[in-house]
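Chains as they are written, first to last, in this note's numbering: chain A, 693 to 1009; chain B, 3 to 223; chain C, 57 to 492.
Even for Gly, the Cβ is constructed at its ideal location relative to N, Cα and C.
One structure is given below, encoded as structure tokens.
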Amino acid sequence: MIGRDLLGIEDLDREDIVRILDTAEHMVEIGEREVKKVPTLRGRTVVNLFFEASTRTRASFEIAGKRLSADVINFTPSASSLKKSESILDTARTLDAMDPDAVVVRHSVAGVPRRIADVLGAPVINAGDGAHEHPTQALLDALTVRQQKGRVEGLTVTIIGDILHSRVARSNIYAFRKLGAEVRLAAPPPMIPAGVECLGVKAYTSLREALDGADVVMALRIQNERLGGAYVPSIREYSATFGLDRAKLDFAKDDVIVMHPGPVNRGVELSHDLADHRPSVILDQVRNGVALRMAVLYLFAGRATTPGSREVAGGAG
Amino acid sequence: MTSQQSARPPGSGTGEKASERSAPDAGGGSQQVARPLLDSTDINRSLMRIAHEIIERSEDPENLYLVAVPNGGIPLARQLAANLAQVAGVDVPVGVLDTTLYRDDLISTGSRPALRTTEMPSAVDGCVVLLVDDVVKTGRTIRAAMDALMDFGRPRAVQVVGLVDRGHRELPIKLDYVGKNVPTQVGEEVRLRSAGEGDSERLEVVVLPPPPDPGAGEGSK
Amino acid sequence: MMSADPENEILLRGGRVLDPASGLDAPADVSIEGARISRVGPNLTSADARIIDASGCWVAPGFVDLHTHLREPGQEYKEDIRTGGRSAVAGGFTSIACMANTQPVNDDPATTDFILDRARQGSPARVYPVAAATRGLEGKVMTEMSALMAAGAVAFSDDGRTIMDSGVMRLVLEYSRLVEAPVMTHAEDRRLVAGGVVNEGEVSTRLGLPGNPAIAEVTLVERDLMLAEFTGAHLHVAHVSTRGAVERIRAARDRGVHVTAEVAPHHLALTDERLLDYDTNAKVAPPLRSEDDRIACRAGLADGTLDAIATDHAPHAQHEKELDFVEAPPGMIGFETALAVVLDMVREGEISPLELIRRLTINPARILRLEAGCLAEGSLADVVVIDPSRKWHYDPAKGYSKSQNSPWAGSDLEGRVLHTLVGGVPVFDAERGVLI
């Protein structure tokens, strides 16, 4: 049963995930209409509380909210007044006094959405916290795979890149495992987190082995500061060993699809032609992002209107 | 707005869909004693009569557009399309319009019903749209369907077809074509469902008594 | 310690006396005259003594805490010497050593003087300053150890920071032999910690927080053990948290290295799983470790490898703990919960009451060469009366520290101090609270 907040895929069960994906399928149709707007959340306020800049995810949530007729307010503490010494819970309490119907939180440190949810009356939707989770990204990835392959169960999904610092990786591991896929990781050893097998995955240092028979290949974005001596010796070395191109893709299944959470460092994680053409489905991911976030706002926003009403709201639907 | 819609004789509106509108399904409420209202013969006879009435009243039958309110409206609209083809030789498009996101009770109840497919095969601009629903009660679903419809263009007119009109209207909405007017109690449920196992083509309408816990449901037909 | 006139005579009657220094573990009465213990034995009587009923309780020396942060001077919004001392005696600690990471740093005799002066004015517990080992805790230049000792410092440490420069650490250890004081090492290799805030392992992977690997502690402990062996100095390893460190300390002691070590109650009781809800009140340095590390620390305490239990009482204000997990400062308060937490090892049969009390009293007193931690006739009357099975609910808001950053907030605990006496003066009892 879907709870009050969407903090991570780890908290969801398979049925929750399927319900969100099913709802998103219907939201896709709204995006294809001439009038791409429904009155569902009219009079409701969705706050985008982004402590960490993210144009793309914020825009995706903003469009999703607006297509559901919610008023979407962007609240960016880092750009306004938040110093490092300001209590995040103070910020949350201030926001709560404004009585929002949902708060979408992004922060560079893991756990912040969780702690904000503890003091906030409104449902909290995690839009990415540190290297912890990015649940809407994983859900839109699962939706994309389901659309492309017709199923998720039984597929082999290979995630390549900086697993250690990736919230996308963690959320996708949970999501695809819960939906019955096999998940493999491939990365230079410093980018594989300690004890990652506890998540039900197998880590490879050989890209070729990790790709063998894969149905879905997901390349993660490499942060520039992690290149050039920090975790791998250089961009060139990373690109040569773990960058995807058509030749390396030969190890995967013939009908493999290639995904990337964006933005792509062209020529690093993916070769130029892979970034733009089949089997890459990156633009489908972006399109699905709006529909998936509409589904999430529909299922979570406005359900709890008073602090502490978590249990009551959790029983709805 | 057409004259049919602007005319608001009291008590002539249409009804409400509950979220668990289960439409043509078998077995729902098997614990309860179902009182038959319409059997498949009654339904087919009503739909044929309605098809004739539609043709009689239409200036341009080529311009009709059937839009089903799921789930119960879907088989009825399909049957109506077949009847219209038989009666007047017209090929009327059938669309399906989910009204869930247009409901007016989502916030107050906090419920989040599952969405259903919307499929509009062609533009509605300039068409006379026939909204088709199985059971009409409060009129709120028809209101939602009209709002949804307007997001798909500007029909020349909108008319409402209901197989069963239970009364209990809460909005000034009337049916243009009705299969049967049935006085019911508020707590009862009127349901279109499969008449027999393994035969989804044969439909029936039954009246189910109020559920034991009246607070459990979130609206009944 | 704040001075108050001792009562004429106090008789602690009917308790089980635990005095590890003499090995006494028997029913006995303890008589106190003035500031000192006058008699210990069965069925003592006195015509006009104040009687404290200790029946069903343990009577033990007051606890000695090698490792605390009292925040004064400089961060009095977190704690000061008076509130820290009051919290200490409420937890049974009658002698507490306070670390040098104040503002200004205690790297100068004037600061040491100030701390002792403040302690005399307001703290019911005896306060022993640990001076910085290097100026400004910068890890570069040694402090004036002789002058600091003369001012009252009892040990040297850059606690909170590690002396990363091995050459400086060698000199610090060598020089400490001049003053015959221990050098307390906070052993974490900063480069291996690399910004880690939780133990590196499955938990850090699930939480998505930067990991602090056990090896960061083990390598520095090993380095410092080798330097201690090389220099012949007394090395004291603070807050041991890993199996690797326990094993290396055990091996070093076996080959004759002059090393002592402490462990904190939280490392004996909690693991990194406690952080799965991102509770910054359980963020501490070194971090809560794995279950295997926890077991090794308990075994190390039981077999004597780890000499002492030290709280690492580290108060932080609520608004600081409400920062994100990386920014929130590490540390937890610990005086008032320590006894209940470590008594779990007695309840589990891992250590005897006498040996547990040894690690809270005479062992840490000997490490710092303090006159404390024993109940022999003539010794200072720093005494606690403990009910080891008293159940109570811990609410830090009702405690004596200025801060409330405890991982045990809201917990039901078992084992409580009922009376604390310092120099023959009752300073705390469970009914009336802190009395000075």
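Is it right to say E433 (chain C) is buried, meaning 16 or more other beta carbons lie within 10 angstroms of its own, or is it exposed?
exposed
Which residues share a DSSP beta bridge with S972 (chain A)?
For S972 (chain A), which the question treats as bridged, DSSP gives the partners A:V950.
Which of the three DSSP states is assigned to T120 (chain B) in this structure?
coil
Alpha carbon to alpha carbon, how far is S94 (chain C) from D782 (chain A)?
56 Å
Does chain C have any CB closer than 8 Å to the CB of I780 (chain A)?
Chain C, which has a Cβ nearer than 8 Å to the Cβ of I780 (chain A), makes this yes.
Alpha-carbon spacing of A289 (chain C) relative to P885 (chain A), whole angstroms
39 Å
Does DSSP put P185 (chain C) in a helix, in a strand, or in coil?
strand
Are there 16 or more other CB atoms within 10 angstroms of the CB of D791 (chain A), so buried, or fewer, so exposed?
exposed
Would you report the Cα separation of I52 (chain B) and V71 (chain B), rounded to the nearest angstrom?
Distance between the alpha carbons of I52 (chain B) and V71 (chain B) is about 17 Å.
Please name the residue, chosen from C:R69, C:E194, C:R127, C:E230, that lies closest to S102 (chain C) on a Cα-to-Cα basis.
C:R69
Would you mind stating whether G723 (chain A) and A983 (chain A) have Cβ atoms separated by less than 8 Å?
yes
Sub-8 Å separation of I413 (chain C) and L122 (chain C) beta-carbons
Cβ atoms of I413 (chain C) and L122 (chain C): not closer than 8 Å.
Once you ignore the five residues that flank R174 (chain C) on each side, which residues in its own chain have a CB closer than 7 Å to its CB?
E128, I137
T43 (chain B): buried (16+ other C-beta within 10 angstroms of its C-beta) or exposed?
exposed
Return the CA-CA distance between E132 (chain C) and P385 (chain C), expressed in angstroms with no decimal places.
E132 (chain C) and P385 (chain C) have their C-alpha atoms some 16 Å from each other.
Under a CB-based cut-off of 8 Å, is G128 (chain B) close to chain A?
no
For V259 (chain C) versus D349 (chain C), is the C-beta distance shorter than 8 Å?
no
Under 8 Å by Cβ, that's how I've got V115 (chain C) and G71 (chain C) pegged, so tell me the actual separation to the nearest angstrom.
4 Å
Check this for me: beta carbons of R345 (chain C) and S408 (chain C), under 8 Å apart or not?
no
Are the beta-carbon atoms of G905 (chain A) and T836 (chain A) separated by less than 8 Å?
no
Roughly how many angstroms separate the alpha carbons of L67 (chain C) and A325 (chain C), rounded to a whole number?
35 Å
Can you give me the C-alpha to C-alpha distance between G853 (chain A) and Y930 (chain A), rounded to a whole angstrom?
C-alpha separation (whole angstroms): 9 Å.
Is the number of C-beta pairs between the region 822-832 of chain A and the region 389-401 of chain C that are closer than 8 Å three or more?
Result no; under three Cβ-Cβ pairs closer than 8 Å.
The beta strand (DSSP E) with G70 (chain C) in it runs from where to where?
65-75
Do you know whose CA, among C:D163, C:Q177, C:N461, lies nearest R142 (chain C)'s CA?
C:Q177
For my contact list, L812 (chain A) and N980 (chain A) are in at a C-beta cut-off of 8 Å; report their separation, rounded to the angstrom.
Not a contact, Cβ separation roughly 28 Å.
Using the beta-carbon of each residue, which ones in chain B are nearer than 9 Å to T715 (chain A)?
Under the 9 Å cutoff, chain B gives R114, A116, L117.
Between the beta-carbon of V138 (chain B) and the beta-carbon of P157 (chain B), is there less than 8 Å?
no
State the start and end residues of the unbroken beta strand (DSSP E) segment that holds C154 (chain C).
149-154
Closest Cβ-Cβ distance between D380 (chain C) and chain A: below 8 Å?
D380 (chain C) counts as touching chain A.
Less than 8 Å separating the beta-carbons of L431 (chain C) and V439 (chain C)?
yes
Could you check whether the Cβ of M882 (chain A) sits closer than 8 Å to any Cβ belonging to chain C?
Residue identity differs from the one stated: residue 882 (chain A) is Pro in this sequence, not Met. So no, P882 (chain A) is outside the interface.
Nearest to R106 (chain C) by alpha carbon, out of C:V120, C:G90, C:R311?
Checking every option, the nearest Cα to that of R106 (chain C) belongs to C:G90.
Who pairs with N957 (chain A) in a beta bridge, going by DSSP?
For N957 (chain A), which the question treats as bridged, DSSP gives no partner whatsoever.
Span of the alpha helix (DSSP H) around Y1013 (chain A)
Residue 1013 (chain A) is absent from the structure shown; chain A starts at 693 and stops at 1009.
Using 8 Å as the threshold, is the region 253-272 of chain C in touch with the region 329-337 of chain C, meaning 3 or more CB pairs across them?
yes
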